[in-house]
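Residue numbering for the sequence shown follows my numbering, beginning at 19 and increasing consecutively.
Cβ atoms here follow ideal geometry from the backbone N, Cα and C, with glycine treated the same way.
One structure is given here, and the rest of the page talks about it.
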Amino acid sequence: MLHQVLCAIKSSSKRSTSSIAPHFSLSYFLPYNHSHPARCLPRPQSSKMVYTHGTPYVTPHILHKHYAQAHDAEVSNLIGRDLEYFSQAGFDMDRIQIKRNAPPAVLYEDAIRNEGAIVSSSGALINFSGKKTGRSPKDKRIVYEDTSKDEIWWGSVNIKMDEHTFEINRERAIDYLNTRENVYVFDGYAGWDPKYRIKVRVICARAYHALFMNNMLIRPTEEELANFGEPDFIIYNAGQFPANRFTKGMSSTTSVEINFKRMEMVILGTEYAGEMKKGVFSVMHYLQPVKFGQLSLHSSANVGEEGDVTLFFGLSGTGKTTLSADPRRKLIGDDEHVWSDTGVFNIEGGCYAKCINLSAEKEPEIFGAIRFGSVLENVVYNPISRVPDYDDASITENTRCAYPIEYIQNAQIPCHVASQPKNIIMLTCDAFGVLPPVAKLSPEQASYHFLAGYTSKTPGTEDGVLEPIPTFSTCYSAPFIVLHPGRYAEMLAERMAAHNVDCWLINTGWTGGKFGTGKRCPLKYTRRIVDAVHSGELARAEYETFGVFGLQIPTALEGVPRELLNPRIAWANKEAFEREVRKLAGMFQKAFALYESDVDEKVRLAGPQTA
């Protein structure tokens, strides 16, 4: 009886899209079930798949004149498959307009018309993410379920959520999406190696989010899109709508949650686009070791003319994107990679670069990529000229730009090389100002520092971070890590030994004093150090042992001041320097205690020794 009443309500409720009250849809009442399509959501016979510049997207009841742009049989096949999928998922196909893989020009129009977006003087689309301008790690949840519960590294990073709460939030997200006039879908790939890639579907209500993921995922060809089939992973982004903070396990009105059994992600209460990007990475961080036996890494990567690959590990703000964008080397990717048995491949189809204090002189490759199709996020601009002010941090320090990797002139396309790494650079941003700008690590030191993952959270990268905060982010990816860190560390050590890889620790943080009294290591010197790694100059240099950390630091490097190579020399107050060294060493020892039982004695002794 209730079912009949709801059907009657649905058939009689033909409200205007401008109405405040949402149109009734059965997804408000009927639970989602893969095997039972949402009833009383008949497939609209007049819906068609419209092609704009060769790219299809569903638009119910409109634009009939464009039918001739595609073969009827192909259109019919795509319509049936796609509309059946969305009806089963609980979407009200009588009400909403679903735009699938819409081209950037269409997304520009919608974002400008409906979201207050602005076109910058260089052609990029300026968007604003609202209250949340960084990730919300305290609101991240992983569903505790039978298929993955024994694999996940549970704790403060991977907080448990029960399956019932996920179902509630998932339905809440779809309910919200059902109230929107436009719903955007982007189907793309994560992973450039076809052997290890996954199919990802993003469903969202903002054109800005659709354009962002159009840039960050690998864009399918028309043939691949026509034969895309069922996705391996789905993101429901209803970030404009809050989570119910009284639902079990919620810590706020923001919720970012992943269900590995269903291979789905739900976003509520945050419009920060980076949550989608990192959600995909978390899934790949799980699937690559567990399903494929490959090593996923939070790293950038580039390759030289001789096929020599360098991996750059580091958290946001340490310089991965900046240092890997080298005009003399081809960029494989700026943030997420997989080191496979046959080489290295990028997970993403684009880059997500920090824009604070950006200039053409300091970072010409990134500056030149900010053009039509790129997404500028939370960047202040001149209201008359529309010129972005990259020095203005009044909205956030975490200003960003997402652009396709093809916008980097020397990008390696496809972003996949059949060469094994020659160098690994572990980037840290030391807020204490006591670590050297470069040190050569032994294999044991490499394992130690990979597990410790010392750096400083820089302003803006996470919600509420206003000044550098020393932190230990295991595997240089703690916010996104899914399995026990020892699993990634063991795979890294095996690959480094098998391919005789050199490892370097490079500090892009402070020198001559800690944050507030010292200064940030000049980018020109860091670039010079990286160049010396690639040329082999540092491999041939003479070294000395640096204090309690036992690091091997070069005694000289042309173009880099001696007082920079040895941080103790740069400090005027030597006693203060030693205090900060002991303080940081103690923090290392405390942080590494979590992993001591999982490593051998040589690795344990590779850290700072204060006794």
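| Check | Outcome |
| --- | --- |
| Could you tell me which of 560, 547 and 595 sits nearest to residue 577, measuring between CA atoms? | 547 |
| What residue range is occupied by the uninterrupted beta strand (DSSP E) comprising residue 358? | 354-358 |
| Do residue 537 and residue 544 have their C-beta atoms closer together than 8 Å? | no |
| Report the rounded CA-to-CA distance for residue 464 versus residue 310, giving the unit in angstroms. | 24 Å |
| Just the C-alpha distance for residue 230 and residue 393, rounded to the nearest angstrom, thanks. | 6 Å |
| Report all residues from its chain with a CB closer than 6 Å to the CB of residue 268; omit the five preceding and five following residues, and keep chain order. | 261 |
| One question on the structure: do residue 333 and residue 226 come within less than 8 Å of each other, judged by their Cβ atoms? | no |
| Terminal residues of the continuous alpha helix (DSSP H) containing residue 115? | No alpha helix (DSSP H) contains residue 115, which is instead part of the beta strand (DSSP E) from 115-118. |
| Among the candidates 270, 391 and 542, whose CA atom is the shortest distance from the CA of residue 121? | 391 |
| Across which residues does DSSP place residue 201 in a beta bridge pair? | 116 |
| Please report how far the alpha carbon of residue 363 lies from the alpha carbon of residue 211, in whole angstroms. | 6 Å |
| Can you say whether residue 54 is buried or exposed, counting buried as having 16 or more other CB atoms within 10 angstroms of its CB? | A caution first: residue 54 carries a pLDDT of 31, below 50, which makes its placement in the model unreliable, though a value can still be read off. Exposed, by the Cβ-count rule. |
| Who pairs with residue 475 in a beta bridge, going by DSSP? | 487 |
| How should residue 182 be labelled, buried or exposed, when 16 other C-beta atoms within 10 angstroms of its C-beta is the threshold for buried? | exposed |
| For residue 581 and residue 473, what's the separation of their Cα atoms in angstroms? | 22 Å |
| Can you pull the DSSP bridge partners for residue 444? | 331 and 523 |
| Give a yes or no on contact between the stretch 286-304 and the stretch 346-366, applying the rule of three or more CB pairs nearer than 8 Å. | yes |
| With distances taken between CB atoms, is the gap from residue 448 to residue 518 smaller than 8 Å? | no |
| Go to residue 179, then tell me how far its beta strand (DSSP E) extends in each direction, as first and last residue. | 177-179 |
| In angstroms, rounded to a whole number, what distance separates the CA positions of residue 486 and residue 605? | 16 Å |
| Would you mind working out which of 612, 145 and 137 sits nearest residue 418, comparing C-alpha positions? | 145 |
| Restricting to Cα atoms, I'd like to know which of 370, 443 and 247 is closest to residue 328. | 443 |
| Under a three-way DSSP split, which group does residue 318 fall into? | strand |
| If you follow the beta strand (DSSP E) that residue 251 is in, where does it begin and where does it stop? | 251-256 |
| Do the CB positions of residue 426 and residue 383 come within less than 8 Å of each other? | yes |
| Let me check one thing: in DSSP terms, what residues is residue 144 bridge-paired to? | 136 and 394 |
| For residue 159, which three-state DSSP category applies? | strand |
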